[in-house]
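**Q**
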Amino acid sequence: MNSEIKKDTFIKSATILIVADIVVKVLGVFFKIPLANFIGEVGMGYFQTAYDLYLPFYSVAISGLPVLLSRLVARSVSLNDGNGVKSAFFSCRILFTVFGVIMTAAVVLCSLFLTFFGGADDAKTAVYVIAPCVLFSSLMGIYRGYFEGINNMAPAAVSQVIEALGKAVAGVAAAAVLKICGFSVGIQAAGAAGGVLAGTVFGFLYLYFKFKRYGFKCSKKESTLPYGYMKFLFSLAVPIVVGSLITQISGLVDVLTVQRGLSSMLFSDPQGIFEVYPGLSNGLINQGAADVPAYLYGCFRGFATPIYALVPNLTAVIGVGLVPSLTGFWETGDREAANRTLHSVVKLTSVIAFPTAVGIFVLSRPLLELLYSSKPYGAEIASHQLRILSLCAVFAGFSVPFTAVLQAVGKEKIPVANMFVGVVLKLAINIFLVPRTEFNVNGAAIGTTVCYLYIFIADFIAIVRTTGFAPNLLKDFAFPVISAACSGLSAHFGHLLLSGFVSPKLSTVLSIALAVFVYLIFILLFKVISPKEILKGGKFS
């Protein structure tokens with residue numbers, strides 16, 4: 029397979045995963061937004077506490093470990109080594125299953141320390157329900173890694189959609205039924221966690237039967253080959269596992285520090301937070317609870333974070349589609365093809381990250397009020413964090429594919445070290461700023477932004493030093509930034525003008541549509557993407 033065919037394969041793989049990811053994010057909207065409107069800010073605080081405990085382990089199971097297997101399989105395929113593919117698959121099956129069991133137990137054990145870190149006891153039930161998702165996610169990772177390694181992205185994409193659909197339908201339905209039946213907010217949050225579990229099980233079953241039908245066949249004797257392979261595999265797995273944990277551990281840092289810091293703030297200045305957010309007391313009264321830390325945590329992690337996370341979630345699929353192709357180029361010494369692939373990655377990430385981040389910054393409050401119309405106080409509070417996180421969205425958006433690049437060229441330890449430093453910075457900032465009334469939960473958003481700023485800079489320097497990559501500053505960065513700025517200005521002034529003639533919700537929707545149109549015009553005007561490239565499915569030069 030020549031380099032041009034491999035590049036086409038990368039683009040097609042990335043396109044499949046991006047389309048699937050867009051569908052998944054739309055389904056995520058139909059999960060988080062109705063859920064928040066059903067169970068409220070405090071309920072989202074309980075649900076997000078459980079979700080943030082589970083998310084780092086899920087990330088390893090669904091993205092970190094599959095990257096390991098896809099890399100091993102891709103290398104064996106490029107060398108035409110069928111036995112290597114089988115050894116990688118069976119070794120990883122053992123590793124992934126053991127990891128899933130241990131990490132499921134770890135999530136349950138973490139729940140025992142929730143109260144110590146300021147979390148509410150009412151969140152524990154949701155933790156118990158969501159914990160088995162780690163095991164099923166690990167089992168899914170076995171088959172996702174295999175299919176991605178042979179450059180067949182469709183099964184992984186379909187499983188993501190099935191997982192998200194099951195979560196959206198079952199989670200919202202369970203929370204709604206439990207609310208109608210009069211159960212507590214904590215139990216409603218556990219019902220939402222049950223939807224996450226249902227979606228994960230459905231996704232696993234799809235991939236399992238897909239592999240049984242289309243995967244390779246082997247004898248029982250062949251399946252015993254990989255046991256001597258485990259030491260080598262383990263040496264590769266450790267940095268990838270640690271790196272994936274650290275990538276998502278910022279949420280765990282928030283679980284461990286934010287609510288505890290807010291409790292300390294309330295103890296030292298019990299009325300200060302109500303002066304900062306005058307509508308907060310009314311919001312809590314309407315909620316039927318007086319749990320200020322859970323309320324504010326629900327605003328930050330339940331309302332603001334999912335919107336900002338749209339950017340790194342979209343760019344993450346670029347990294348997944350990148351690994352098999354870039355690994356093949358790097359292993360075979362085709363540096364020219366590797367460099368072209370890196371240009372495509374940086375440009376595609378810029379085209380996605382910059383306009384989305386600018387749009388989030390400009391329309392933070394109108395967007396939240398549109399999505400969470402029944403929770404105006406929570407939307408107002410979350411808008412402050414979202415404006416801060418909009419800057420973080422750019423750095424986080426680049427950090428995910430940058431990590432995949434370093435993994436693909438055999439430099440797994442570098443992003444791990446960079447992520448560790450970033451998380452330590454976030455931890456320190458959370459501990460220092462969150463207990464201060466003037467910063468409160470906004471301190472956690474600042475900590476997240478500083479964390480990913482450091483990771484972005486350090487990873488980019490490492491890529492340049494390792495690969496000799498030299499970005500096209502105009503096409504890769506400057507033109508997308510200018511286009512995004514013009515798009516943001518059109519959204520801002522469009523919203524101001526339209527709000528005088530139409531409803532606030534319609535004004536927000538029309539402003540977003542205007543911003544997208546303006547952005548596309550400037551992208552084409554600057555020739556960042558040509559019409560010919562669009563017709564070819566995004567094959568960037």
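Residue numbers (the working numbering): 29 to 569. Think of the CB as a built atom: it goes at the ideal place given N, C-alpha and C, for glycine as much as any other residue. None of the values given here were measured: they were computed from a predicted structure.
1) So the candidates are V52, G68, V51, V47; which of them puts its Cα closest to the Cα of D319?
2) What are the boundary residues of the alpha helix (DSSP H) that C209 is part of?
3) May I have the straight-line CA-CA distance separating S105 from R121, to the nearest angstrom?
4) If we call anything under 9 Å between Cβ atoms a contact, is S165 one with A218?
5) Quick check on the burial criterion: 16 or more other C-beta atoms within 10 angstroms. Buried or exposed for E364?
6) Measure the CB-CB distance between I170 and T132 and report whether it falls below 9 Å.
7) Can you confirm whether the segment 203-210 touches the segment 168-186 when touching is taken to mean that 3 or more C-beta pairs between the two stretches lie within less than 8 Å?
8) Do the CB positions of G227 and G194 come within less than 9 Å of each other?
9) Tell me, to the nearest whole angstrom, how far the beta carbon of L324 is from that of V469; I am working on the premise that it is less than 8 Å.
10) Rounding to the nearest angstrom, what Cα-Cα distance links R288 and N341 in this structure?
11) Distance check for G330 and I388, CA to CA, integer angstroms please.
12) Using a 10 Å radius around the Cβ and a threshold of 16 neighbouring Cβ atoms, would you call Y242 buried or exposed?
13) Pull up the distance between the alpha-carbon of S518 and that of F382, whole angstroms please.
14) Taking the beta carbon of R493 as the centre, do at least 16 other beta carbons fall within 10 Å, making it buried, or is it exposed?
15) Considering just the uninterrupted stretch of the alpha helix (DSSP H) at F175, what are its terminal residues?
16) What whole-angstrom Cβ distance do A490 and K555 have, given they're in contact under 8 Å?
17) Write down the C-beta distance between P7 and E191 rounded to the nearest angstrom, noting that I regard them as a contact closer than 8 Å.
18) For L97, which three-state DSSP category applies?
19) What are the start and end residues of the alpha helix (DSSP H) that includes M447?
20) Do you know offhand how far G361's Cα is from P334's?
21) Of the choices W358, S378, Y305, N367, whose alpha-carbon is the least far from that of Q435?
22) Which two residues bound the contiguous alpha helix (DSSP H) that contains Q435?
23) Could you check which residue in V129, A182, Q188 has the C-alpha nearest to that of L163?
24) Given a threshold of 16 other Cβ atoms within 10 Å of its Cβ, counted over all protein chains shown, does K375 qualify as buried or as exposed?
25) Beta carbon of A64, beta carbon of Y400: below 9 Å?
26) Tell me whether the beta-carbon of H520 lies closer than 9 Å to the beta-carbon of V339.
27) I'd like the span of the alpha helix (DSSP H) that includes C138, first residue to last.
28) Measure from the alpha carbon of F302 to the alpha carbon of each residue in L284, P321, I158, T285, then state which is nearest.
29) Looking only at C-alpha atoms, which of V51, T377, N458, I178 sits nearest to T343?
30) Between L107, F497, F66, V546, which lies nearest to R368 when the distance is taken from Cα to Cα?
31) Taking only the alpha-carbon atoms, compute the straight-line gap between V544 and S515 and give it to the nearest angstrom.
32) Quick check on P306: buried or exposed, where buried means 16 or more other Cβ atoms within 10 Å of its Cβ?
33) Here's the rule: buried if 16 or more other CB atoms are within 10 angstroms of the residue's CB, otherwise exposed. What is L563?
34) Between which residues of its own chain and F486 is the CB-CB distance below 6 Å, once the five residues before and five after are set aside?
**A** Based on what the coordinates show:
1) As a working mapping, residue 319 is identified with position 291 in the sequence shown. Cα-wise, what sits closest to D319 is G68.
2) Numbered from its first residue, the sequence shown carries residue 209 at position 181. It is not in any alpha helix (DSSP H) - C209 carries neither H nor E in the DSSP assignment.
3) Within the sequence shown, residue 105 is the residue found at index 77, counting from 1. Within the sequence shown, residue 121 is the residue found at index 93, counting from 1. What sits at residue 105 in the sequence shown is Val, not Ser. Rounded to whole angstroms, the separation of the alpha carbons of R121 and V105 is 18 Å.
4) Along the sequence shown, one-based indexing puts residue 165 at 137. Along the sequence shown, one-based indexing puts residue 218 at 190. Taking 9 Å as the Cβ cut-off, S165 and A218 do not qualify as a contacting pair.
5) Stepping through the sequence shown from its first residue, residue 364 is reached at position 336. By the 10 Å Cβ count, E364 comes out exposed.
6) Here the question's residue 170 lines up with position 142 in the sequence shown. Here the question's residue 132 lines up with position 104 in the sequence shown. Contact: no.
7) These segments do not touch.
8) As a position in the sequence shown, residue 227 is number 199, starting the count at 1. As a position in the sequence shown, residue 194 is number 166, starting the count at 1. One thing to note: G227 has its Cβ within 9 Å of the Cβ of G194.
9) Against the sequence shown, residue 324 aligns to sequence position 296. Against the sequence shown, residue 469 aligns to sequence position 441. With a contact defined as Cβ atoms closer than 8 Å, L324 and V469 qualify at about 5 Å.
10) In the sequence shown, the residue the question calls residue 288 occupies position 260. In the sequence shown, the residue the question calls residue 341 occupies position 313. Each residue's Cα considered, the two are about 28 Å apart.
11) Reading the sequence shown from its first residue, position 360 is the one you call residue 388. Reading the sequence shown from its first residue, position 302 is the one you call residue 330. Taking the Cα positions, I388 is about 16 Å away from G330.
12) For the purposes of this step, residue 242 is identified with residue 214 of the sequence shown, where counting begins at 1. Burial call: exposed.
13) For the purposes of this step, residue 518 is identified with residue 490 of the sequence shown, where counting begins at 1. For the purposes of this step, residue 382 is identified with residue 354 of the sequence shown, where counting begins at 1. Taking the CA atoms as reference points, S518 sits about 15 Å from F382.
14) One-based indexing of the sequence shown puts residue 493 at position 465. Counting other Cβ atoms within 10 Å of its Cβ, R493 stays below 16 and is therefore classed as exposed.
15) For this step, residue 175 is matched to residue 147 along the sequence shown. Segment 161-177, the alpha helix (DSSP H) holding F175.
16) Counted from its first residue, the sequence shown places residue 490 at position 462. Counted from its first residue, the sequence shown places residue 555 at position 527. With 8 Å as the limit, A490 and K555 do not qualify as a contact, their Cβ atoms being about 30 Å apart.
17) Residue numbering for the chain in the displayed model covers 29 to 569; residue 7 lies beyond these limits and cannot be assessed.
18) Stepping through the sequence shown from its first residue, residue 97 is reached at position 69. Reduced to three states, the DSSP call for L97 is helix.
19) By one-based count along the sequence shown, residue 447 stands at place 419. For M447, the enclosing alpha helix (DSSP H) covers residues 441-461.
20) Within the sequence shown, numbered from 1, the residue matching residue 361 stands at position 333. Within the sequence shown, numbered from 1, the residue matching residue 334 stands at position 306. Taking the CA atoms as reference points, G361 sits about 40 Å from P334.
21) On the sequence shown, position 407 is the one that residue 435 refers to. Minimum Cα distance to Q435 is reached at W358.
22) Position 407 of the sequence shown, counted from the start, is the residue given in the question as residue 435. Unbroken alpha helix (DSSP H) run through Q435: 404-436.
23) For the purposes of this step, residue 163 is taken as the residue at position 135 of the sequence shown. Answer by Cα proximity: V129.
24) Numbered from its first residue, the sequence shown carries residue 375 at position 347. Residue environment: K375 is assigned as buried (16 or more neighbouring CB atoms within 10 Å of its CB, all protein chains considered).
25) The residue given as residue 64 occupies position 36 in the sequence shown. The residue given as residue 400 occupies position 372 in the sequence shown. With contacts defined as CB atoms closer than 9 Å, A64 and Y400 qualify as a contacting pair.
26) If you number the sequence shown from 1, residue 520 lands on position 492. If you number the sequence shown from 1, residue 339 lands on position 311. With a cutoff of 9 Å on beta-carbon distance, H520 and V339 are scored as not near each other.
27) Mapped onto the sequence shown, residue 138 falls at position 110. For C138, the uninterrupted alpha helix (DSSP H) segment begins and ends at 110-138.
28) In the sequence shown, counting from the first residue as 1, residue 302 sits at position 274. Nearest to F302 by C-alpha distance, out of L284, P321, I158, T285, is P321.
29) As a position in the sequence shown, residue 343 is number 315, starting the count at 1. Per the Cα distances, T377.
30) Residue 368 sits at position 340 when you count from the first residue of the sequence shown. Checking every option, the nearest Cα to that of R368 belongs to F497.
31) For the purposes of this step, residue 544 is identified with residue 516 of the sequence shown, where counting begins at 1. For the purposes of this step, residue 515 is identified with residue 487 of the sequence shown, where counting begins at 1. If I take the Cα positions, the gap works out to 7 Å.
32) Here residue 306 refers to the residue found at position 278 of the sequence shown. Exposed, by the Cβ-count rule.
33) Here residue 563 refers to the residue found at position 535 when the sequence shown is read from its first residue. Low local confidence applies: a pLDDT of 46 at L563 is under 50, so the model's placement there is unreliable, and no value is given.
34) Residue numbering aside, residue 486 sits at position 458 when the sequence shown is read from its first letter. Rather than Phe, the amino acid found at residue 486 in this sequence is Ala. Answer for A486: N446, listed in chain order.
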